[in-house]
Every structure is written in structure tokens, then in C-alpha cells.
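Take a look at the structure set out below.
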Amino acid sequence: MYRFLPCRLLGMLCSAALGSTLLAAPAAAQTAPARPAATRFVADSLDQYVQRGMKLWQIPGLAVVVVKDGQVVVSKGYGVRDVSRPQERVDANTLFYIASNTKLFTGTALAQLEQEKKLSLNDPATKYLPDFRLYDPVSTQLVTVRDLLGHHLGTKTFQGDFTFWSSTLTREEILQRVRLLKPVYPFRQDYGYCNAGFLAAGQVIPAVTGGTSWEAYVEQTLLKPLGMTNTSMLTTGVAQRPNLARPYTTATGPLTLLPYDQLDNFGPAASMVSSVNDLGKWLQFQLDSGKVQGQRVLPWATLRRTRDVNTALSARKSALIPEHFRTYGLGVFADDYNGRQVFWHTGGADGFVSNTCFVPEEGLGIAVLTNQDNQSFFEALRYQLLDAYLGMPYQDRSRQLWNRAAPGNAEALADIKKLDARVAKKNKPELPLKAYAGQYTHPLYGPITIEAQGKQLVVHFSHHPNMTATLSYMDGQQFRTAYSTTAYGIFPATFTVESGQVKSVELRVSDGIEQDPYVFVRG
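Sequential numbering from 626 applies to the sequence shown in our numbering.
This is how it looks when you write it as C-alpha cells:
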């Protein structure tokens, strides 16, 4: 199913060898003035472009900020926070989950601690986290803090996230379970985007600061000096804050409201909530080499460290955008765009996708926040602004990405309709429903409970108590799985039966949460 592909998967699945990149300190005051094409697009076409794109992609609300040569030239909102309350308009202070855009804050914090000589990123992770283990004992001995930040652990992208994401597991419990993630690649050879690795890196912070938590350290070191007073480090209680966008998806059909993710257990990887007004300050800080209004907050060496190549991803020309290489630093991607070096990251939580982007050579920064997760317009808008400022001929990036996404979306919806058609036949299960009821266990996730309710089965998840899955019989030993949290998708659930006894059930969720199915064994 096409979901979160732009923000959580695009650029995370390729690898190639690249040399290291040397960076010079940016000098925002020396950058060239904005090109006339960019000025015209922002002044004359931006509103129409955004409104047209939001309609095409069914996006309720969007906010965008553009920084150029030290000045905020755009910071505004479009659409609504809540489709049931059209009077609640998005503005520049509307809050959105920024999810993995949290990672650069974490990487910057650790780079600063290295600058202060409180740690080395090349130190073994176990120096600071003595109980931390990977699946392989040799890898456990070798893994460094830098490996945790570089997605070098040998796991698949998002491996384990069905268990970890928005669950009741604590940070400590997640780190205990990392040792159960069996790698699919050799250690350090391939790139697998690992949220749990970033969590582990963030947990190094209290270990070297005498107990200051990740969230407290980032707030004290970055948010307060930058004046980011409207940004929350954690998701707990955020639903009670005014001017917060509500999350939506179209992944399984019409626009659907989703519950807010609870991501404090994944804090260093994903839990921050912010607005474009605040992210404009973050972009200005990045573009002015660590200064705020001319006053130094962090050394340039700290920011440079976050941008140095930590992981090589690709050295092949893109068929979509004017790019030839892609690397990953400490929580930030880097690539070239029409000859300029661009640093960026995307973020995806249920119902929210976003990006931040800065081009030091041009004194240019961009952030886009949205509250609908099954769309690529948040990236199309970034590309469109880069095209305008970096001298690319105009082409409609929204329509370009729509044409690429539409077949996958249509196929996903057609697959769901096929499952619905099998349920509609009202076949009789080969075994009575109560035969499927009971407790099942997965070695990573732990227990789930299946109970018979009327003509269906209902799954209860031990670490996601606010979510259930309804299993409706189709045929053979397959049931249609519909999660109460729509973002998890609609898929077949397959039971294994031997000699009339139910032995296991295979469940899967959206690829944007985890790509491989889980087999739960009846206990």
C-alpha cells in the first residue's frame, strides 16, 4: 500500500559508496539576491499553486515558511486544522507533528556534546549504555554512537516499528528489545533506516550529562536560545494545546480522521511538535552557521559535524530531480540540486508529513508542514520552491509526483476492494470462530489476544491498548484485517491450522510502519 513513501521511505532505501564532503562555513550576507523567477513565483503564484495542490491531494491544512538571506519571506498557513470545524484555519503558528525532523535536533545535541569533549561519536555505544545489545554480540562490541545516528545496524528500514511506534513500551523497554532485531544486512554494510537506533543515541545524552534527559537538553541548548517557544519536545498533552492540526489520511479510501500518535517513547527519533514560525528560526540558525541575530549559540564546528557524510546512499543521477548524489549525516540528508548542496529531512507520523530543507550557498531555507499523510505534495512544494530559487525551468512538480503516485494509490484501493468482495461472499469459516480465540505471542512484540465477537474476531494488542483489529472471514484460513487506527491499513490475516488446531496467525501493517509481517504463535 502506498503510504508515507515520500517522507519515510524516499531516499532511505538506496546505498552506494561516496567520498567525504568538506564544508565551509556559510556566509549568508554574501549570498546572491533572489532570482526574479523565485520572486515572481512566491509573490504571484505560490498561493494558487498551494491551493491547487491541496485540492488535488486532499490535504486539509498546510503551512510553509521560506527564509532567504536571513529574512523570512514567507510564513503562512492554508486550509483548516480540522475539517469538521472550517473556521479553524491554519496559520503560521499552527502546530503539526514534525516526526523525523526531530532527528537533526538530536544529532546537533550529540555533536555539541562531542564539541564539549563529553563524548566522542566514535565511542562504543556500550560505554554509555552498558546494557545495550544488538542481535549479534560482535556487532554489539563494535557499534558506536555514530553508527546509531547513521542507520548502520544492518536492520531493514523501520524494522521493529510495529512493536515500538506509538506503543506503551518505555524507552528502556524498546532498547531491551533491540537485541531481538535480527539483521538482514551485514553490520555497517547497508543502510536501513532505524528509529530505535536514534532512540539509543538520544539516551546517551543523560548518560553524559549527569541525568539531563534528551528533551531537557535539547530544549535548554537549542529551543530556548533560538526562541522556539511554540515547539514541544514531547507529544504527551499536546492534544490540549490550542492551534494544533488534527491528523488525516486517505490511505484506505475517503479522507479519515486519525488518533494522535503517542511518540514520547521514541522521543529522540520522532516526538517533536512545531510550527513554521518556529521552524523559520531553526532554518535561520542553520543558515547563519549557528548564530541567532548575530549572536553565536553553537560553534560552526557543531553544525558542520552534523552535515559531514556519515552514510553514503547514492551516486546515481535521479530521473526525477536534478540530483546526482545523496548522503546522510547526523539526522540530515544531503544531496545536490541543480549544482547546489542541499540539506533536508522529512518526517512522517500518522496523519502528518513534513519536511525541512536548507541551502547554505543560497541562504535559502524551506519547511512545509501538512496534516494528511498519504500524499507527496509536501515534497512537490519543496521541489517547486527549489526550482524557482535555483534557476530550474518551471515544471509542475505536484502533477509530476501525482502521476507517479496515482497508479500505486489506485492499486492499493483496488486490493482493499478485492478483500471486501471476499468478505461479502459470507463464506462459513472452516472452524468455529471460538477455535481461533486465545492468546498469541511474537518474540519481539509479545502477546496479543484474539476473541470471538458475533461473526467476527477482534484482536487486542498488549502494547497498543487503544487499538484493535477486526478480522472478518474471507475464505480458506484468511480473514480481512481492519485496524481501528486506519493508518495501519487493511490486509489479509492468515491463520495456520494443523490437525484442526489453530497454531499461528500472520498479521501485517502498512509499509510505512513496518514492511514485514509478524507471525504470532498461539500459546
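Beta carbons: idealized from backbone N, C-alpha and C, even for Gly.
Residue i to residue j span [Cα, whole Å]
| i | j | result |
| --- | --- | --- |
| L955 | A724 | 16 Å |
| A750 | V715 | 42 Å |
| Q1081 | Q911 | 54 Å |
| T1055 | T877 | The question names Thr, but residue 1055 is Glu in the sequence shown. Between E1055 and T877, the C-alpha separation is close to 28 Å. |
| S1196 | N747 | With the chain covering 626 to 1148 only, the question about residue 1196 has no answer from this structure. |
| T936 | E739 | 19 Å |
| Y674 | A668 | 11 Å |
| T846 | G1079 | 55 Å |
| E948 | K942 | 6 Å |
| Q676 | L1015 | 23 Å |
| N1179 | D1100 | Because the chain is modelled from 626 through 1148, residue 1179 falls outside the range shown and cannot be assessed. |
| C819 | G919 | 36 Å |
| W907 | S1097 | 48 Å |
| S1135 | A1035 | 16 Å |
| N1052 | S791 | 35 Å |
| K728 | G1125 | 49 Å |
| E797 | F757 | 10 Å |
Three-state secondary structure (DSSP) of residue i
| i | result |
| --- | --- |
| S857 | strand |
| L778 | coil |
| M679 | helix |
| S896 | coil |
| V809 | coil |
| Y1014 | helix |
| R1007 | helix |
| N1091 | strand |
| M637 | Annotation note: pLDDT 39 at M637 (below 50); position unreliable, no value reported. |
| D672 | helix |
| Y953 | strand |
| W790 | coil |
| Y1113 | helix |
| R1133 | coil |
| L912 | helix |
| T646 | Per-residue confidence for T646 stands at a pLDDT of 32, beneath the threshold of 50, marking its modelled position as unreliable; no derived number is given. |
| S939 | strand |
| F1120 | strand |
Residue nearest to residue i in terms of C-alpha spacing, selected from the options
| i | options | result |
| --- | --- | --- |
| T1119 | Q801, N1052, V1127 | V1127 |
| R1029 | L1011, L945, A1077 | L945 |
| C982 | Q1000, G976, D961 | D961 |
| R996 | T795, F721, K680, A668 | As written in the sequence, residue 996 is Asn, which differs from the Arg given in the question. Looking at the Cα atoms, F721 is the closest of the given residues. |
| D772 | Q1009, F812, N855 | F812 |
| A974 | P924, S745, F787 | F787 |
| P1068 | V803, V692, E840, E1004 | V803 |
| E1131 | F1104, T1111, K742 | F1104 |
| T931 | G892, G915, Q920 | G915 |
| Q966 | Y953, G976, G972, F977 | Y953 |
| L882 | N999, T782, T834, C819 | N999 |
| F823 | G695, F891, E1004 | F891 |
| S1001 | F666, V917, G678 | G678 |
| P1090 | T1106, D761, P1072 | P1072 |
| K1042 | F789, G1114, V1144, L1011 | G1114 |
| E1123 | R1133, V1146, V1083 | V1146 |
beta-carbon residue i near the ligand COA non-hydrogen atom, thresh 7 Å
| i | result |
| --- | --- |
| L806 | Only the bare structure without any ligand can be found here, which leaves the ligand COA out of the picture. |
Any contact of the stretch 728-744 with the stretch 824-841, i.e. 3+ C-beta pairs under 8 Å? Yes, since at least three Cβ pairs between the stretch 728-744 and the stretch 824-841 fall closer than 8 Å, the two stretches touch.
If we require 4 or more residues per run, which alpha helix (DSSP H) segments fall completely within the stretch 834-888? 839-843
Touch test, the stretch 896-911 against the stretch 859-873, Cβ-Cβ under 8 Å, three pairs minimum: yes
Any contact of the stretch 681-696 with the stretch 871-888, i.e. 3+ C-beta pairs under 8 Å? Judged by Cβ distances under 8 Å, the stretch 681-696 makes contact with the stretch 871-888, as three or more pairs qualify.
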